[in-house]
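Enquirer:
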Amino acid sequence: MERPIYSLADIVACLGGQVLGDAQTVVSQIATLEKAGQGHIAFLANAKYRKQLEDSHASAVILGEADAELTRRPRIIAANPYSYFARLSAFLNPLREYAPGVHPTAVVDHGAHVSADAHIGANVWVGEGARIGARTVVMAGCQIGENATLGEQTRLYPNVSVYHGCVLGDHVIVHSGAVIGGDGFGIAMDEGRWLKIPQIGRVVIGDHVEIGANTTIDRGALDDTVIEEGVKLDNQIQIAHNVRIGAHTAIAGCVGIAGSASIGKYCRIGGSAGILGHLKIADNVEIASFTMIGKSITEAGSYAGIYPFSKNDEWRSNAVHLRHLGELVKRVKRLEHDIETLKGREAS
Amino acid sequence: MERPIYSLADIVACLGGQVLGDAQTVVSQIATLEKAGQGHIAFLANAKYRKQLEDSHASAVILGEADAELTRRPRIIAANPYSYFARLSAFLNPLREYAPGVHPTAVVDHGAHVSADAHIGANVWVGEGARIGARTVVMAGCQIGENATLGEQTRLYPNVSVYHGCVLGDHVIVHSGAVIGGDGFGIAMDEGRWLKIPQIGRVVIGDHVEIGANTTIDRGALDDTVIEEGVKLDNQIQIAHNVRIGAHTAIAGCVGIAGSASIGKYCRIGGSAGILGHLKIADNVEIASFTMIGKSITEAGSYAGIYPFSKNDEWRSNAVHLRHLGELVKRVKRLEHDIETLKGREAS
Amino acid sequence: MERPIYSLADIVACLGGQVLGDAQTVVSQIATLEKAGQGHIAFLANAKYRKQLEDSHASAVILGEADAELTRRPRIIAANPYSYFARLSAFLNPLREYAPGVHPTAVVDHGAHVSADAHIGANVWVGEGARIGARTVVMAGCQIGENATLGEQTRLYPNVSVYHGCVLGDHVIVHSGAVIGGDGFGIAMDEGRWLKIPQIGRVVIGDHVEIGANTTIDRGALDDTVIEEGVKLDNQIQIAHNVRIGAHTAIAGCVGIAGSASIGKYCRIGGSAGILGHLKIADNVEIASFTMIGKSITEAGSYAGIYPFSKNDEWRSNAVHLRHLGELVKRVKRLEHDIETLKGREAS
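Chains as they are written, first to last, in the numbering used here: chain C, 7 to 354; chain Y, 7 to 354; chain P, 7 to 354.
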């Protein structure tokens with residue numbers, strides 16, 4: 007593969023940082039310390055991997071200031087080597103460009119507004135009144151409902167569904183299979199049958215949000231479901247109607263968030279966690295994987311509730327007692343009382 | 007947006023209930039008490055929100071009989087205000103209509119039978135022998151396998167996949183990304199390799215079922231997977247082969263139901279719960295979110311099994327003892343024995 | 007339905023095994039013992055179902071050697087009746103064939119390489135540089151990214167998305183809605199905003215792998231995500247970037263596997279289980295449904311960590327004590343000390 011090459015001097019001219027060693031060393035790609043070879047630049051996020059640093063065949067490395075002298079090889083010193091690595095990788099690996107225009111097999115309603123700079127891929131449908139902004143890429147098989155709005159420089163990978171009336175900001179990324187704006191789960195029991203409650207709110211997504219593959223975000227029942235700017239959602243997350251997710255919160259895969267829950271800013275939620283409906287989670291809360299949050303959290307901090315695993319037999323012989331834990335506590339209380347009585351008699 | 011307007015008198019003429027206050031008050035949309043303004047009708051589901059009722063700018067409200075005098079403003083009194091709200095919202099927000107006909111980009115096999123009253127959207131595929139009933143809407147990007155059957159007035163949102171031979175009833179709603187009739191997970195180990203067991207059953211779905219976005223329902227191994235009428239399924243639910251779900255059961259998002267489980271009627275299952283294979287769940291069972299059901303439930307009632315969350319450090323210092331709970335119980339039993347011995351000696 | 011019929015003699019000539027009873031008995035389909043009728047062959051996997059065997063209307067049955075004399079009816083005796091059943095069902099139910107060729111509505115880039123023997127269905131997109139092997143079937147609505155490779159005799163059901171550069175082997179099956187090669191969840195915090203880390207690895211999938219509906223497998227951050235040969239994945243599984251899954255491992259629905267985890271060969275993972283990032287799981291490990299694996303497993307065996315469910319009230323009265331389990335252990339320790347003291351004084 008013919009890739010453009012850059013000297014370390016070129017790189018720090020664009021991205022900042024300081025070169026130590028030969029600034030004319032050239033690289034074309036990022037790699038891990040183990041896999042790196044000629045023309046690769048690797049990074050050391052943690053001094054405990056210094057052995058790998060020694061053994062690496064990378065042409066150059068990115069290091070934090072404290073680690074600047076761990077090696078003699080050509081290197082870039084950065085205040086935050088991990089974010090430097092992110093920026094350098096984006097520099098070396100720009101997103102594939104797609105030419106502006108509407109593919110002949112795409113179906114764009116006469117009443118839709120598609121920027122002349124947007125790319126509409128094969129077999130896409132864009133409904134009446136939908137708006138698609140400049141330099142936005144809608145890849146093959148995406149379906150954009152009536153009156154939906156996509157901002158500028160947003161990218162939808164293949165087979166994304168956006169329902170009518172939903173709004174995505176600028177620089178949003180949506181991965182394949184994601185569904186934005188499906189009906190919230192609103193039903194009312196009426197004489198032995200469920201009545202459907204129309205879901206007339208929208209989904210409103212801020213700028214710089216990323217949404218993972220097969221994640222679903224339901225439209226609001228009456229008001230909107232809101233994903234604030236900079237939120238990062240992994241794959242297969244379920245966000246129910248009228249949820250609000252605060253800016254810059256990051257949520258790992260398979261998390262479920264029930265209706266009308268409100269999550270703060272800068273939260274981090276681990277994989278397969280769950281949050282019940284109508285709860286409020288403060289800013290800067292961290293929730294462990296596999297933890298079910300059953301009441302609101304008003305204070306920043308780390309929270310967990312994971313049943314520890316063990317060998318099957320061991321688990322079985324312990325878990326059976328969980329159904330009698332309340333009883334066990336009472337037995338201990340009775341023992342404490344009896345001991346006190348016995349000690350009292352002894353003393354007397 | 008030009009919306010039709012209705013007087014309260016019009017509304018009770020259609021939907022029943024009783025007007026108190028000015029019956030000529032007009033409304034055009036439903037809203038929450040907080041967000042409602044001129045032309046909106048709100049509802050009070052619970053008297054504890056009476057403060058919001060006072061403060062609301064709604065033109066009218068829906069109230070239960072017991073709450074009829076909580077306000078002086080124009081109001082509709084209904085026996086069940088929540089289901090009245092559902093019916094009124096459906097009345098004010100009819101589903102978007104799609105004109106009958108097959109979009110020119112849709113591919114309908116010569117051997118398929120599509121009602122002249124059905125709508126087949128852009129880039130849809132309808133396989134040989136498939137049947138699509140009157141007034142059914144199949145939106146863009148749906149794929150309908152060979153010999154599948156969709157009833158009447160059923161609606162598939164974009165990018166739904168229905169496999170060959172599956173049957174959907176009338177008035178069924180399926181949201182984007184749902185997959186109906188994928189192969190069940192049937193494999194047999196044979197000399198170090200898994201053999202695939204062909205899944206030759208179907209999925210059969212009754213009338214008035216709703217299926218959420220990205221929910222998957224597998225076809226049966228030999229017999230069918232069955233979803234009875236009126237079942238409501240939220241998003242990202244996984245229903246394995248040969249499961250049967252009884253009529254009017256409602257299941258929240260991210261639930262997994264393993265093969266051949268049989269769920270009763272009118273059950274309610276919370277988000278991210280799980281049910282193991284081959285179990286039987288009685289009618290009217292309620293299962294809490296995040297609860298794993300590992301044996302059959304023969305009696306109606308509410309069931310739960312959730313590990314309570316706490317601050318991370320607290321969780322850690324408690325959870326470690328779960329691996330020794332059986333031992334702890336033995337220690338308590340020994341103490342009880344010793345206490346009895348000591349008490350016995352004292353008494354003697 | 008006109009189905010071909012086979013005598014038991016025909017069947018053992020193809021698949022091995024031994025006929026007892028009338029070898030000219032003809033069958034055309036597999037069925038369960040309960041549902042089987044004229045022309046059906048059923049199987050008995052476990053002698054405890056012998057009552058069903060007696061009552062069945064099956065024309066013939068498959069039995070293990072030890073059960074050969076449980077019935078007088080025509081029967082095939084096989085060393086492993088379950089895998090015999092799998093092979094016979096595949097013989098009686100061959101996959102639907104699709105004629106070679108590219109559907110006129112499919113969009114195949116000029117720079118793609120599609121075998122003349124492959125079938126490309128309606129409304130499929132195949133990007134530049136993609137390669138599709140002989141006898142591979144790509145059904146309607148699939149999207150194949152640039153430079154992706156599908157091997158031979160592989161089958162993609164409708165609406166599958168394969169991202170650029172990913173590699174699928176031969177005889178792979180992918181069900182609808184699966185997404186292969188979406189970006190891994192790689193972000194770096196930088197002055198209050200998340201930077202996206204480009205995901206430049208691929209997904210590489212071995213031969214004879216099956217991937218369930220709506221399962222997602224993320225591409226690697228730098229190196230590849232790898233699914234070895236013969237792995238079987240059920241629906242709605244999430245596999246994060248740089249995971250490696252060893253050959254012939256089978257994973258049930260809704261499992262989440264976090265980044266860089268490495269799973270051994272011949273593992274079996276139950277539904278809705280989870281595995282944290284960077285862990286290593288040995289070969290032949292069995293993990294129970296709903297179990298979260300929070301540290302590496304170095305030894306083959308069965309592992310579990312499931313909170314047992316009970317009636318709601320009972321659960322509540324027990325679970326509350328989990329937040330004080332450490333304290334309870336201390337109370338027991340104190341009691342043990344006190345008892346020892348009392349016993350010591352008594353003895354003296």
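Just so it is clear, CB atoms sit at the ideal spot from N, CA and C, and this is done for glycine as well. Owing to the predicted nature of the structure, the values given are computational and were not obtained by experimental measurement.
With a 10 Å radius around its C-beta and 16 neighbouring C-beta atoms as the bar for buried, classify residue 111 (chain C) as buried or exposed.
Expert: Sequence index remark: in the first sequence, residue 111 (chain C) carries index 105 (1-based). The residue is buried, with at least 16 neighbouring Cβ atoms inside 10 Å.
Enquirer: Which residues, in order along the region 297-309 of chain Y, keep a beta-carbon less than 8 Å from a beta-carbon of chain P?
Expert: Correct list: 297, 298, 299, 300, 307, 308 and 309.
Enquirer: Tell me, please, whether the CB atom of residue 194 (chain C) is closer than 7 Å to any CB atom in chain Y?
Expert: For this step, residue 194 (chain C) is matched to residue 188 along the first sequence. So, interface residue.
Enquirer: So which of Y:73, Y:35 and Y:147 has the shortest CA-CA distance to residue 100 (chain Y)?
Expert: The count along the second sequence starts at 1 and reaches residue 100 (chain Y) at position 94. Ranking Y:73, Y:35 and Y:147 by Cα distance to residue 100 (chain Y) puts Y:35 first.
Enquirer: Using a Cβ-Cβ cutoff of less than 8 Å, which residues in the same chain neighbour residue 208 (chain Y) once the five nearest sequence positions on both sides are dropped?
Expert: As a first step, residue 208 (chain Y) is located in the second sequence; it is residue number 202 there, counting from the start. For residue 208 (chain Y), where only same-chain residues beyond five positions count, the Cβ hits under 8 Å are 171, 172, 173, 187, 225, 226, 230 and 231.
Enquirer: Once the 5 residues before and after residue 104 (chain P) are set aside, which same chain residues still bring their CB inside 7 Å of it?
Expert: Counting from 1 along the third sequence, the entry for residue 104 (chain P) is found at position 98. Excluding positions up to five away in sequence, the list reads 125 and 143.
Enquirer: Output yes if chain P places a C-beta closer than 7 Å to the C-beta of residue 113 (chain Y); else output no.
Expert: Here residue 113 (chain Y) is taken as the residue at index 107 of the second sequence, counted from 1. True, the Cβ-Cβ gap to chain P drops below 7 Å.
Enquirer: The beta strand (DSSP E) spanning residue 308 (chain P) covers which residue range?
Expert: Against the third sequence, residue 308 (chain P) aligns to sequence position 302. From DSSP, the beta strand (DSSP E) with residue 308 (chain P) extends over 307-310.
Enquirer: Suppose the cutoff is 7 Å on Cβ atoms and the five residues either side in sequence are ignored; what does the same chain contact list for residue 220 (chain P) look like?
Expert: What you label residue 220 (chain P) is simply residue 214 of the third sequence in a count that begins at 1. Within the same chain, residue 220 (chain P) has close Cβ partners 183, 184, 241 and 242.
Enquirer: Please report the Cβ distance between residue 120 (chain Y) and residue 178 (chain Y), rounded to the nearest whole angstrom; I am assuming they are in contact, meaning their Cβ atoms lie under 8 Å.
Expert: The residue labelled residue 120 (chain Y) in the question sits at position 114 within the second sequence. The residue labelled residue 178 (chain Y) in the question sits at position 172 within the second sequence. That pair is no contact at about 16 Å.
Enquirer: Return the first residue and the last residue of the alpha helix (DSSP H) that residue 343 (chain P) is part of.
Expert: Here residue 343 (chain P) is taken as the residue at index 337 of the third sequence, counted from 1. Taken as a continuous stretch (DSSP letters only), the alpha helix (DSSP H) holding residue 343 (chain P) covers 331-353.
Enquirer: Does residue 268 (chain Y) have its Cβ less than 7 Å from a Cβ in chain P?
Expert: Locating residue 268 (chain Y) in the second sequence gives position 262, counting from the first residue. No, because no Cβ of chain P sits closer than 7 Å to the Cβ of residue 268 (chain Y).
Enquirer: Just grab the DSSP bridge partners of residue 203 (chain C) for me.
Expert: For this step, residue 203 (chain C) is matched to residue 197 along the first sequence. Paired residues: none, contrary to the question.
Enquirer: Excluding five sequence neighbours on each side, which residues of the same chain lie with their C-beta closer than 6 Å to the C-beta of residue 166 (chain P)?
Expert: Here residue 166 (chain P) is taken as the residue at index 160 of the third sequence, counted from 1. So the list reads 148, 180 and 184, once near-sequence residues are dropped.
Enquirer: Please report the residue range of the alpha helix (DSSP H) in which residue 58 (chain P) lies.
Expert: Translated into positions along the third sequence, residue 58 (chain P) becomes position 52. Its alpha helix (DSSP H) spans residues 56-61.
Enquirer: Can you list the residues of chain Y that residue 314 (chain C) reaches, using a CB-CB cut of under 7 Å?
Expert: As a working mapping, residue 314 (chain C) is identified with position 308 in the first sequence. Correct list: 325, 328 and 329.
Enquirer: Alpha carbon to alpha carbon, how far is residue 64 (chain P) from residue 91 (chain P)? Give it in angstroms, no decimals.
Expert: Locating residue 91 (chain P) in the third sequence gives position 85, counting from the first residue. Locating residue 64 (chain P) in the third sequence gives position 58, counting from the first residue. Roughly 14 Å between the two C-alpha positions.
Enquirer: According to DSSP, simplified to helix, strand and coil, what is residue 251 (chain C)?
Expert: Within the first sequence, the letter at position 245 stands for residue 251 (chain C). Note: residue 251 (chain C) maps to strand in three-state DSSP.
Enquirer: If you measure from the beta carbon of residue 129 (chain P) to each beta carbon in chain Y, is any gap under 7 Å?
Expert: Position 123 of the third sequence, counting from 1, holds the residue named residue 129 (chain P). Taking Cβ atoms only, chain Y reaches closer than 7 Å to residue 129 (chain P), which makes this a yes.
Enquirer: Residues in its own chain within less than 7 Å of residue 122 (chain P) by CB, not counting five upstream and five downstream?
Expert: Along the third sequence, read from residue 1 onward, the residue named residue 122 (chain P) stands at position 116. Excluding positions up to five away in sequence, the list reads 106.
Enquirer: Taking contact to mean at least 3 C-beta pairs separated by less than 8 Å, is the region 55-73 of chain C in contact with the region 82-97 of chain C?
Expert: These segments touch.
Enquirer: Just how far apart, CA to CA, sit residue 88 (chain Y) and residue 309 (chain P)?
Expert: As a working note, residue 88 (chain Y) is residue 82 in the second sequence. As a working note, residue 309 (chain P) is residue 303 in the third sequence. Rounded to the nearest angstrom, the two C-alpha atoms are 46 Å apart.
Enquirer: Between the beta-carbon of residue 252 (chain C) and the beta-carbon of residue 263 (chain C), is there less than 7 Å?
Expert: In the first sequence, the residue the question calls residue 252 (chain C) occupies position 246. In the first sequence, the residue the question calls residue 263 (chain C) occupies position 257. Their beta carbons are not under 7 Å apart, which means residue 252 (chain C) does not touch residue 263 (chain C) by this criterion.
Enquirer: Nearest-angstrom Cα distance between residue 48 (chain Y) and residue 42 (chain Y)?
Expert: By 1-based counting over the second sequence, the position of residue 48 (chain Y) is 42. By 1-based counting over the second sequence, the position of residue 42 (chain Y) is 36. Going by the C-alpha atoms only, they are around 7 Å apart.
Enquirer: Is the region 297-317 of chain C touching the region 273-283 of chain C in the sense that three or more CB pairs, one from each, lie closer than 8 Å?
Expert: Yes, they touch.
Enquirer: Please check the pair residue 17 (chain Y) and residue 45 (chain Y), which I expect to be a contact at CB under 8 Å, by giving their CB distance rounded to whole angstroms.
Expert: The residue given as residue 17 (chain Y) occupies position 11 in the second sequence. The residue given as residue 45 (chain Y) occupies position 39 in the second sequence. Incorrect: roughly 13 Å between the Cβ atoms, too far for contact.
Enquirer: Which first and last residues belong to the beta strand (DSSP E) in which residue 81 (chain C) is found?
Expert: Taking the first residue of the first sequence as position 1, residue 81 (chain C) is located at position 75. It spans 81-84 - the beta strand (DSSP E) in which residue 81 (chain C) sits, taken as one unbroken run.
Enquirer: Would you kindly check if the distance between the Cβ of residue 76 (chain Y) and the Cβ of residue 56 (chain Y) is under 7 Å?
Expert: Mapped onto the second sequence, residue 56 (chain Y) falls at position 50. Mapped onto the second sequence, residue 76 (chain Y) falls at position 70. Yes, the Cβ-Cβ distance between residue 56 (chain Y) and residue 76 (chain Y) is below 7 Å.
Enquirer: Of all the CB atoms in chain P, is at least one closer than 7 Å to the CB of residue 51 (chain Y)?
Expert: Within the second sequence, numbered from 1, the residue matching residue 51 (chain Y) stands at position 45. Chain P, which has no Cβ nearer than 7 Å to the Cβ of residue 51 (chain Y), makes this no.
Enquirer: Within the 7 Å Cβ cut-off, does residue 133 (chain Y) reach chain C?
Expert: Along the second sequence, read from residue 1 onward, the residue named residue 133 (chain Y) stands at position 127. By this cut-off, residue 133 (chain Y) is not an interface position.
Enquirer: When DSSP labels each residue in this structure, what does residue 95 (chain P) get in the three-state scheme?
Expert: The residue you call residue 95 (chain P) lines up with position 89 of the third sequence. Here residue 95 (chain P) sits in helix by DSSP.
Enquirer: Comparing the CB of residue 148 (chain P) with every heavy atom of the ligand NAP, is any distance shorter than 6 Å?
Expert: The model depicted lacks the ligand NAP and carries no ligand whatsoever.
Enquirer: So residue 347 (chain C) contacts chain P; which residues on that side make the cut at Cβ distance below 7 Å?
Expert: One-based indexing of the first sequence puts residue 347 (chain C) at position 341. Per Cβ cutoff of 7 Å: no residues; residue 347 (chain C) is ~11 Å from chain P at best.
Enquirer: Nearest by alpha-carbon distance to residue 135 (chain P): which of P:141, P:114 and P:145 is it?
Expert: Taking the first residue of the third sequence as 1, we reach residue 135 (chain P) at position 129. Ranking P:141, P:114 and P:145 by Cα distance to residue 135 (chain P) puts P:114 first.
Enquirer: Does any residue of chain C have a CB that is nearer than 7 Å to the CB of residue 24 (chain Y)?
Expert: Locating residue 24 (chain Y) in the second sequence gives position 18, where the first residue counts as 1. Chain C contact via Cβ: absent.
Enquirer: Give the secondary structure of residue 28 (chain Y) by DSSP, where H, G and I count as helix, E and B as strand, and everything else as coil.
Expert: Sequence index remark: in the second sequence, residue 28 (chain Y) carries index 22 (1-based). Residue 28 (chain Y): coil per DSSP, three-state reduction.
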